[in-house]
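Step one of this worksheet: look at the structure below.
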Amino acid sequence: MPPYLHPDRLLPADPNVRPVARRLYEAVRDLPILSPHGHVDARLLADDAPFGDPASLLVSPDHYVTRLLHAAGVALEELGVGQEPLTEPEARRVWRRLCEHWTVFRGTPVRFWLEAELSEIFGVTGPLTAETADCGYDRIAERLADPAYRPRALFRRFGIEVLATTDDPCDDLAAHRALAEDPAWTARVIPTFRPDRYLEPGPSGWTGLVARLGETAGVDTSGYDGYIRALEERRRYFAAHGATSADHSHADPRTDPLTRSEAARIYRSALAGEATAAEATAFRRHMLLEMARMSCEDGLVMTLHPAVRRDHHTPTLRRFGHDTGHDIPLRAEFTDALRPLLERYGTARGFQLVLFTLDETAFSREIAPLAGFYPSVYAGAPWWFLDAPDAIRRYRRAVTETAGFSRTSGFVDDTRAFCSIPARHDMSRRLDCGFLAELVAEHRLAEDEALEVAVELVTANPRKAFKL
Amino acid sequence: MPPYLHPDRLLPADPNVRPVARRLYEAVRDLPILSPHGHVDARLLADDAPFGDPASLLVSPDHYVTRLLHAAGVALEELGVGQEPLTEPEARRVWRRLCEHWTVFRGTPVRFWLEAELSEIFGVTGPLTAETADCGYDRIAERLADPAYRPRALFRRFGIEVLATTDDPCDDLAAHRALAEDPAWTARVIPTFRPDRYLEPGPSGWTGLVARLGETAGVDTSGYDGYIRALEERRRYFAAHGATSADHSHADPRTDPLTRSEAARIYRSALAGEATAAEATAFRRHMLLEMARMSCEDGLVMTLHPAVRRDHHTPTLRRFGHDTGHDIPLRAEFTDALRPLLERYGTARGFQLVLFTLDETAFSREIAPLAGFYPSVYAGAPWWFLDAPDAIRRYRRAVTETAGFSRTSGFVDDTRAFCSIPARHDMSRRLDCGFLAELVAEHRLAEDEALEVAVELVTANPRKAFKL
Amino acid sequence: MPPYLHPDRLLPADPNVRPVARRLYEAVRDLPILSPHGHVDARLLADDAPFGDPASLLVSPDHYVTRLLHAAGVALEELGVGQEPLTEPEARRVWRRLCEHWTVFRGTPVRFWLEAELSEIFGVTGPLTAETADCGYDRIAERLADPAYRPRALFRRFGIEVLATTDDPCDDLAAHRALAEDPAWTARVIPTFRPDRYLEPGPSGWTGLVARLGETAGVDTSGYDGYIRALEERRRYFAAHGATSADHSHADPRTDPLTRSEAARIYRSALAGEATAAEATAFRRHMLLEMARMSCEDGLVMTLHPAVRRDHHTPTLRRFGHDTGHDIPLRAEFTDALRPLLERYGTARGFQLVLFTLDETAFSREIAPLAGFYPSVYAGAPWWFLDAPDAIRRYRRAVTETAGFSRTSGFVDDTRAFCSIPARHDMSRRLDCGFLAELVAEHRLAEDEALEVAVELVTANPRKAFKL
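Sequences listed follow chains C, X and A, in order.
Start counting at 1 in the first sequence, then tack on 7, and there's your number in the working numbering.
Start counting at 1 in the second sequence, then tack on 7, and there's your number in the working numbering.
Start counting at 1 in the third sequence, then tack on 7, and there's your number in the working numbering.
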């Protein structure tokens, strides 16, 4: 049996642990999926158009997949990156490239997710090799033409109860509205307010962005107060369309306040294209604090996942755009960076702040201690590069002893690969059950308690942390 | 059987490892407790008055316990923090709050320690829930009225051989003297010199502190030389009362020297309230180096556990005081920070420096390499947030390969929760035996060697590192 | 049976994992050794003179061994450090010191390597103690007099196929040439270009170094252009003598470019002894970028292992020289530091950059993400303090999920202890097989795939990463 089909996959091997893990997993395996943060486009479900070809669905847009192929020497243009839609021969060629280099994914979660998807969704179970590339491609393409493989049908088959998307503040959320108003559609697809670009004055079109923000919000953003009102307005609009959270990512999570007049001065300077880099940074850090204030007022959960150097390789950025596999993590510091925010709002009723990181050192040193004191702070799930078996285990081992289970957010798939959602949640469930089973086997937790926790981690925890 | 009563609790589950771990643990389980660093008040034992109510004993003063309850939404005032003594109804209410939220401690060492205490000391073995709260409270309260539960009786029952307290340099150590002079009292209760506040010029009463230091030492501290002599004098006083170590904690462990004249100039400025923040920091870093010099001269072991942002949430500090659960760790750097100190004293005969940290990254990167070269440096035990099963394992795995076992300090409970001392030491012993058993099972150590190490870790190691 | 002789040593204890690990290890145990980076002197093999005494061979020059003895209170002069050659009584005394303190190595890889060497190479299997010291010494000394224990004979017995040395840019590589021209010698012993000292203007003889560089290269280095040409010339010379890589280590890995004129200006200043410390650092960072440019042109693989504070204890440096056990790691940052280099050369055809570190936090945060995107970047093996069982496991667990196996360099022994080479490679093979077996036991990889990977890690991976 291929590894990804084994019923015990990802459960600890220890014979004293595995049977416990199996029992825990049985109890959560089929529970509905809550996906409180991700990058699937709501239009996909609103339109319910058939998916395109296998490569455009599973390879080209997914930087988790393309990056390791690129490292193996396959140029991004050979993978269709940024070139969708692909012609049939192009798509077939991309798929072939993937199959030819499939061995580079050994030991990675991409391998596991994709093989699980192919097998469980598309019924393609053989090994991916140059020889089987065409045959596999045909099988998937054939399925994709079948109405049972349209987005809505798959969504139902996946057992998704809530799916949060990530959206620009100026988005009119028409797709979300269409779904909400469609009597045939009963699941929740909710937007998430993602204002990063609007908070970072800089050369790349920021002036145009805030102008558009003003238009969309119906507020004059030529001054700082209007800019603030416009952001508040758009947040309310998102909340009215079902959003429960606002999502933030900057190079660092500092939240240093400016006086209103200083903020207004920098805003004017920035609009005139005259703000220095230091001023722009100061403004952004101030605005992150403002976002927390707004969260206290409008109730949107604040999620924060800082400290990534985006678009590390400029030549690739220029040719292929953002999110093409070369965002590289940085060290993260939370203790001092978030102090101004937590001094003000850390114990404010209703305020919630979910912290994610790619710097694992912060798990036990900063995130767990913060989440273990502040009622507002939750330790976000292992995210991005860390959404993988060993990293997930490290997360639980680093966070639980200081913050327990109740202060953790539950799993977040953060994916733009729609078909990978079930496999990702399944992986997380298996690993959390494995961790709990270890506690049981070492007599650190009774099995009935572990069972309660296992269920809460996929139900109560994300509901509470993300106010679902 | 509840997990915390299982004889194999905390031992590795692997069937090839557990039997070895069990044999090693048998050999150390009942050895006397050496507690070379902690926060129990010596007056507790000198007075030997009965403990108050269960909440004042086990909940309100213990920030390990209150912090996660606070994160769960229980206000600190509901937990009696800073309000002792509690009336009976108040104490009962605090206890009830704990029981109602007991599930938040799942997977944490607090859960394990407290259940072990309740069961092994007080004979309360049922689950803690809202329903059992009153009954459990009554059981414990009843026991506390029994002379067999007075501090000295428990101390003997716990098998403590040495207990070090932590004391202000101006403390007259009367309680320690009373115990030493009491023929009915044979155990060692020794003070520890903790001068942090006296080394950090700043706004919060430092001028008064150094004045009092001068009075206590009988030395004029209006100048730098007198200040130095007064510190030396008080250290001698502590040593004469049994102290074997001086304990230090600052925001960072830098040890940059100042010239005598520059130090004297800043000291004068600081007394006049005119030192800048930078000067105060420079002075403190210089004084940490001076403390090392004094350690070389008077033989007190220097223990150093830097890099915590104390009192992170100012509103909580203002209302409830220090040590109320919101000290949050910072990154720690030792290699360059300690270089001036180690250049001077690193190989000085008799000088000993025990390094603790909350930043686990320093274990393998800095602490083990330093302890693996300098005869003066010991890798302190996993401390505070890290005094927990998985963190203790990470510590041994990170430190042993570079520094072996002989360069580690042995366990330090660092607790103000007197009744938790046996459970904490027991946890540490179980985990060290588990780690050693893994080495045996992987043929990295013979079992007779592992047995020797297991015994040394609770006897020879702390004796040597802390000069007990 | 002593642990280091057990056939299953270092394989995971779990009964579901060990049999798989055993099968994988069987397949790689006897494969030839590729050693692409280390510090054995080529003259050792060119001359093939008998080794001296046991202490000079196994103790005095090996800072892995002497450092923990020093920490245990044995002075370096008692260990013969920097005093070779030793008289027979001196050597015997050094050996005795080692044996007396042998227990301090429990749990360290030094213990494991040395016992494996003694047993497998010299047939000395008893425990090392004060009592057995003389007898063991005699046994080893007797063997060393036997021609079967000369360097070339051992080299063949060890099954080494390629051995890379580390050499000064001005070295004439006569020993390498002699070996290459010797028809009786069929293995490859190749030099490595190590220019660090030539790239760091400073007080310690740099002016003399670049003058000598000019003489050796036959280029006038009184100006910056000549200095660059001389370096290019020496690299070509090394490549012509078989070198496949250039090795770099500085306090940090930054690669910030200077303009040609600014670089030339600093170079002139530095030659005149007038460059500031900041200019010297800027120059070195610029030169590291230049080294990458040269690697693109001449094809030498660039290996980089930054962030160590060399010679931490100046008194020891003054008395015993470099590499005497007190190099202490620093935090390492790669993401921003290497960005200028990778922007320019990260996707250049043929360019290869192998990253090593002693700061484990960089494994999952920076090195794996970089190696998982850039075709030029390889994650170097766990190195120095991290070349030990638990650290090797942490490395695989941290790197594999993001970068797979194909982006890792394969094992690097980096040793000056010739006789430890087989034991080090054996340790690495056992641990990699153990890790792979865990993946198999958790159904994350099929056993036939794991077998392929295990073989590649000791064959294809180092061949590719180091262009062997």
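Idealized CB from N, CA, C, for every residue including glycine.
Source: prediction; values computed, not measured.
query	result
Counting only beta-carbon separations shorter than 8 Å, does X/G306 have a partner in chain C?	no
Relative to chain A, which residues along the stretch 105–125 of chain C have a C-beta separation below 8 Å, given in chain order?	T110, V111, F112, R113, G114, T115, P116, F119
Cβ closer than 7 Å: which chain A residues qualify as neighbours of C/I335?	T342, E373, P376, L377
Kindly say whether C/N23, judged by its beta-carbon, lies nearer than 8 Å to any beta-carbon of chain X.	yes
For C/S3, collect the residues of the same chain with a Cβ closer than 7 Å to its Cβ; drop the 5 residues on either side in sequence, then sort them by chain order.	One cannot answer for residue 3 of chain C here, as it falls past the ends of chain C, which runs 8 to 475.
Can you pull the chain C residues whose beta carbon is under 8 Å from the beta carbon of X/P396, in chain order?	E408, E449, R451
To be precise: take each residue of the stretch 359–371 of chain C, compare its Cβ to all Cβ atoms of chain X, and keep it if any distance is under 7 Å. Which residues remain?	T368, S371
Which partner residues of C/R219 appear in the DSSP bridge assignment?	C/R219 is not bridged to any residue.
Helix, strand or coil: how does DSSP classify C/R292 here?	helix
Quick one, which residues of the stretch 402–432 of chain A are near chain C if we go by CB-CB under 8 Å, in chain order?	R404, A405, T407, E408, T409, A410, G411, F412, S413, R414
Could I get the ranges of all uninterrupted beta strand (DSSP E) runs contained in the stretch 129–188 of chain A, with 3 residues as the minimum, in chain order?	167–171
Starting from the C-beta of C/P116, find all residues in its chain whose C-beta is less than 6 Å away, skip the five residues before and the five after it, and write them out in chain order.	A395
Which chain X residues are close to A/L75, counting only those with a beta carbon under 9 Å from its beta carbon?	G379, F380, T409, A410, G411, S413, R414
Could you check how far apart the C-beta atoms of X/L86 and X/D60 are, in whole angstroms? I think they sit under 8 Å.	Actually they do not touch by this definition, with Cβ atoms about 13 Å apart.
Considering only the beta carbon of each residue, do C/P469 and C/G417 sit closer than 8 Å?	yes
In or out: X/R21 buried (at least 16 other Cβ within 10 Å) or exposed?	Per the sequence presented here, residue 21 of chain X reads as Asp, with Arg not at that position. X/D21 comes out buried.
Would C/R338 count as contacting chain A if we go by Cβ distances under 8 Å?	yes
Looking at the structure shown, is A/L311 part of a helix, part of a strand, or coil, going by DSSP?	strand
Check C/T415 in the structure and name its three-state DSSP category.	strand
Curious, which full-length alpha helix (DSSP H) runs of at least 4 residues does the stretch 422–463 of chain X contain?	428–448
Going by beta carbon distance, what residues of the same chain come within less than 7 Å of C/E454, once the five residues before and after it are set aside?	V27, V447
On the DSSP letters alone, give me the boundaries of the beta strand (DSSP E) that X/H255 sits inside.	252–255
How many whole angstroms separate the CB atoms of A/V217 and A/Y205, which I take to be in contact at a CB cut-off of 8 Å?	6 Å
If we define contact as Cβ-Cβ less than 8 Å, is A/R317 a contact residue for chain C?	no
Across the stretch 248–268 of chain A and the stretch 308–320 of chain A, are there enough close Cβ pairs to call them in contact, namely three or more that are closer than 8 Å?	yes
Looking only at its own chain, which residues have a Cβ that is under 6 Å from the Cβ of X/V111, when we skip the five neighbours before and after it?	L75, A79
Taking the alpha-carbon positions, what's the A/R423 to A/A137 distance?	26 Å
What does A/L349 touch in chain C if you count any residue whose Cβ is under 8 Å from its own?	H319, H320
Could you please tell me which residues of the stretch 179–194 of chain A, in chain order, have their CB closer than 8 Å to any CB of chain C?	none
Nearest to A/A49 by alpha carbon, out of A/E373, A/V460, A/L135, A/H183?	A/H183
Less than 8 Å between the C-beta atoms of A/A277 and A/W192, yes or no?	no
Whose Cβ in chain A lies nearer than 8 Å to the Cβ of X/G353?	H320
How far does the beta strand (DSSP E) with A/I40 in it extend, from its first residue to its last?	40–42
Can you check DSSP and say which residues form a bridge with X/F200?	X/D174, X/A253
Could you name the residues of chain C that X/D15 contacts, counting a contact when the two beta carbons are closer than 7 Å?	H450
How would you write the range of the alpha helix (DSSP H) that A/V101 sits in, first residue to last?	95–107
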